[in-house]
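Numbering (the numbering used here), first residue to last: 1 to 83.
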């Protein structure tokens, strides 16, 4: 932890020269934009995978369809079908 605090104190020294020029600010802006784009893409992929998993899980747990033999209770075989 102490090492991290020491390194945080050196950030202005390291990036001070880079940020003193307009190109340095442009590089920083591009890096931040790229990082946000990657995070957004990962979030969309994670959401899609979660949605697929939940639909698979729901499909797997659904009750099977009951099959009835013909004629099922309450139905009659049509008279023209008896021929």
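The beta-carbon is built from N, C-alpha and C at its ideal position, and this holds for glycine as well.
- For residue 55, the enclosing alpha helix (DSSP H) covers residues 22-61.
- Taking the C-beta atoms as reference points, residue 28 is found nearer than 9 Å to residue 19.
- With contacts defined as CB atoms closer than 9 Å, residue 15 and residue 9 fail to qualify as a contacting pair.
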